[in-house]
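Q: Quick note: the sequence shown uses our numbering, first residue 2, plus one each step.
Cβ coordinates follow ideal geometry from the N, Cα and C atoms, glycine included.
Take a look at the following structure, please.
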Amino acid sequence: DGSDGSLTTRRTWLRGARTGRTALLLSFGSLGRAPEIDLPIGGSLDAALAPYPGSPPLRAALGERFSPPREGGRPPGSDTGTALAAYGRALCEDPWLEAWPAVLAEVVPVPGGSALRDTAGGPGVEQPCAGWQLADADGGAALPVDPRSAERPGLWRLLAVSGGGPVTVFGECGHRGFLPYTVWSPETGEAIPL
């Protein structure tokens with residue numbers, strides 16, 4: 002959830018089990034009220050979706066639910082090159098697109114070093130998450146991690162869950178890099194929010 006003080010925005014990503022298509026549900030709550038849609042992270046839901054018009058098609062409204070949410074499994078994913086190619090195709094349809102959803106499979110989080118960032122001409126501020134990457138386990142390629150991830154403790158959680166080995170990660174692939182939201186435990190398959 003994100004908040005600007007007076008409005009809370011919840012971004013819920015869904016992925017079709019049969020189609021593989023991804024849809025974004027946006028819900029809002031005002032004055033400290035939680036947004037209406039509250040689905041479990043990594044869960045499975047049998048429901049109808051009504052897509053909003055757009056190019057590329059991404060946003061949808063949640064329609065009739067045919068059963069309550071239940072525990073889901075680890076989704077199939079792709080390598081970093083496939084995620085970048087999907088973002089590129091989406092950019093062809095909407096050149097102002099910030100990012101595109103992707104599930105990366107068999108990627109290894111690689112911590113970066115600290116970096117100093119100039120803040121409006123003042124002294125540099127240490128960015129402890131600068132230079133992080135998600136590397137394909139086969140050594141083929143890597144995606145930089147979006148610097149906005151440094152504002153959350155999720156990268157260290159991602160590294161801890163991975164134990165230095167390959168994991169499945171969901172997030173947004175964009176021009177700033179990959180912004181991870183969820184990792185699946187390699188041992189239990191549990192979805193863990195970042």
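With a threshold of 7 Å on Cβ separation, who are the neighbours of L180 within its own chain once the five nearest residues in sequence on each side are excluded?
A: Working through the sequence shown from its first residue, we reach residue 180 at position 179. A100, D147, R149, S150, G172, E173, listed in sequence order.
Q: Among L26, T23, G17, L32, whose alpha-carbon lies nearest the alpha-carbon of S7?
A: Sequence index remark: in the sequence shown, residue 7 carries index 6 (1-based). Selected option, being the one with the closest Cα: L32.
Q: Which residue comes first and which comes last in the alpha helix (DSSP H) that contains A161?
A: What you label residue 161 is simply residue 160 of the sequence shown in a count that begins at 1. 155-163 is the extent of the alpha helix (DSSP H) around A161.
Q: If you draw a straight line from the C-alpha of A161 to the C-alpha of P76, how long is it?
A: What you label residue 161 is simply residue 160 of the sequence shown in a count that begins at 1. What you label residue 76 is simply residue 75 of the sequence shown in a count that begins at 1. A161 and P76: Cα-Cα distance of roughly 20 Å.
Q: For P194 and L159, which I take to be in contact (beta-carbon distance under 8 Å), what is that distance rounded to the nearest angstrom?
A: Taking the first residue of the sequence shown as 1, we reach residue 194 at position 193. Taking the first residue of the sequence shown as 1, we reach residue 159 at position 158. The Cβ separation is near 11 Å, so there is no contact.
Q: Using 10 angstroms around the beta-carbon of D137, count the other beta-carbons present and answer buried if the total reaches 16, otherwise exposed.
A: Here residue 137 is taken as the residue at index 136 of the sequence shown, counted from 1. By the neighbour-count rule (16 or more Cβ atoms within 10 Å), D137 is buried.
Q: First and last residue of the alpha helix (DSSP H) that includes L85?
A: For the purposes of this step, residue 85 is identified with residue 84 of the sequence shown, where counting begins at 1. Element bounds for L85: 81-94.
Q: For G141, which option in L50, T83, L92 has the closest C-alpha, if you only look at C-alpha atoms?
A: Numbered from its first residue, the sequence shown carries residue 141 at position 140. Here the closest residue by C-alpha is T83.
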